[in-house]
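In the working numbering, the protein residues as written are 918 to 1160.
So, in structure tokens, the structure goes:
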């Protein structure tokens, strides 16, 4: 199976797609989540692109063996495997994912469920250190930020960085990912927290081990150079404070 940038990059170049590979990911994920073929016009409306562009994308994916035309546009077996293995959908609870993406009420309901289940670990966060501008957000805010990340399609199969994380957004993201996957270890997302406060780093690390979360915590002072291993590595960013 080719890597993600192979197939998506090929189609992007052939169609001269200004929107980039993110739109192509949405195209394939839409087909994966549907139980039957999707009309080409419906795909164009969903992606907010002209019908001829949607048709050109379909043609290229058909040529690569990922898509077929059969009572609408649908994935081939090869296409389904690609979405699972390369776009991070293997082991994902697709019914829950679809419900959360379509309904604010479902998202808020899960926020409240997670808050009730894990509120204690957020209550035990280290006391705020105002000398480094810490001011802890509520547990509800942490999980709502994680849910926003999901809603904006910035969570699944993404490398996520939390810059300053006394709010424990990294932990909320990890717990949401664990809830979304039948087997949490199947998630291909990576979450990383940078913080200058060693207490924050130590507790995030403890929780990541306790709950088997795809989260790492790194003590880092942004007055120092960024380690080269992290350059151009991340897809999604949370910054605290925002400036």
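Backbone N, C-alpha and C fix where the C-beta goes; we use that ideal spot for every residue, glycine too.
Tell me whether residue i is buried or exposed, calling it buried when 16 or more other Cβ atoms sit within 10 Å of its Cβ.
i: residue 992; result: buried
i: residue 1204; result: The structure shown does not extend to residue 1204, since the chain spans only 918 to 1160, so no value can be given for it.
i: residue 1145; result: exposed
i: residue 1010; result: exposed
i: residue 1017; result: buried
i: residue 918; result: Bear in mind that the predicted position of residue 918 carries a pLDDT of just 36, short of 50, making it unreliable; the figure below should be weighed with that in mind. Residue 918 is exposed by the Cβ-count criterion.
i: residue 1094; result: buried
i: residue 1157; result: buried
i: residue 1005; result: buried
Please return the same chain residues whose Cβ sits closer than 6 Å to the Cβ of residue i, not counting the five positions on each side in sequence.
i: residue 941; result: 925, 928
i: residue 1125; result: 1132
With a threshold of 8 Å on Cβ separation, who are the neighbours of residue i within its own chain once the five nearest residues in sequence on each side are excluded?
i: residue 922; result: A caution first: residue 922 carries a pLDDT of 49, below 50, which makes its placement in the model unreliable, though a value can still be read off. 938, listed in sequence order.
i: residue 1043; result: 1083, 1114, 1116, 1117, 1120
i: residue 970; result: 932, 934, 961
i: residue 950; result: 1011, 1014, 1015
Leaving out five residues before and five after residue i in sequence, what residues of the same chain have Cβ atoms less than 7 Å from its Cβ?
i: residue 958; result: 968
i: residue 931; result: 977
i: residue 1103; result: 1007, 1008
i: residue 1036; result: 1056
i: residue 972; result: 957
Residue i and residue j look like a contact to me (Cβ under 8 Å); what is the Cβ gap, rounded to whole Å?
i: residue 1008; j: residue 945; result: So it is not a contact: roughly 17 Å between Cβ atoms.
i: residue 1092; j: residue 1128; result: 7 Å
Comparing C-alpha positions only, which one of the options sits nearest to residue i?
i: residue 935; options: 1079, 974, 1019; result: 974
i: residue 1015; options: 1029, 1105, 1098; result: 1098
i: residue 1079; options: 1139, 986, 1047; result: 1139
i: residue 1051; options: 989, 1081, 1137; result: 1081
i: residue 965; options: 1077, 943, 1054, 980; result: 943
i: residue 1105; options: 987, 1142, 1073, 1020; result: 1073
i: residue 1148; options: 961, 1076, 970, 1096; result: 1076
i: residue 1001; options: 983, 989, 987, 990; result: 983
i: residue 1070; options: 1152, 1035, 1095, 955; result: 1152
i: residue 990; options: 1143, 1020, 947; result: 947
i: residue 952; options: 1068, 987, 1141, 1005; result: 987
i: residue 1137; options: 1049, 1066, 1054; result: 1049
Okay, do the stretch 1082 to 1090 and the stretch 1101 to 1110 touch, 3+ Cβ pairs below 8 Å being the bar?
Between the stretch 1082 to 1090 and the stretch 1101 to 1110, the count of Cβ pairs shorter than 8 Å is three or higher; the stretches touch.
Specify whether the stretch 1051 to 1064 and the stretch 1125 to 1134 touch according to this definition: at least 3 beta carbon pairs, one from each stretch, less than 8 Å apart.
Verdict: no, contact absent.
How do the stretch 1060 to 1076 and the stretch 1026 to 1040 stand: do at least 3 beta-carbon pairs fall below 8 Å, yes or no?
yes
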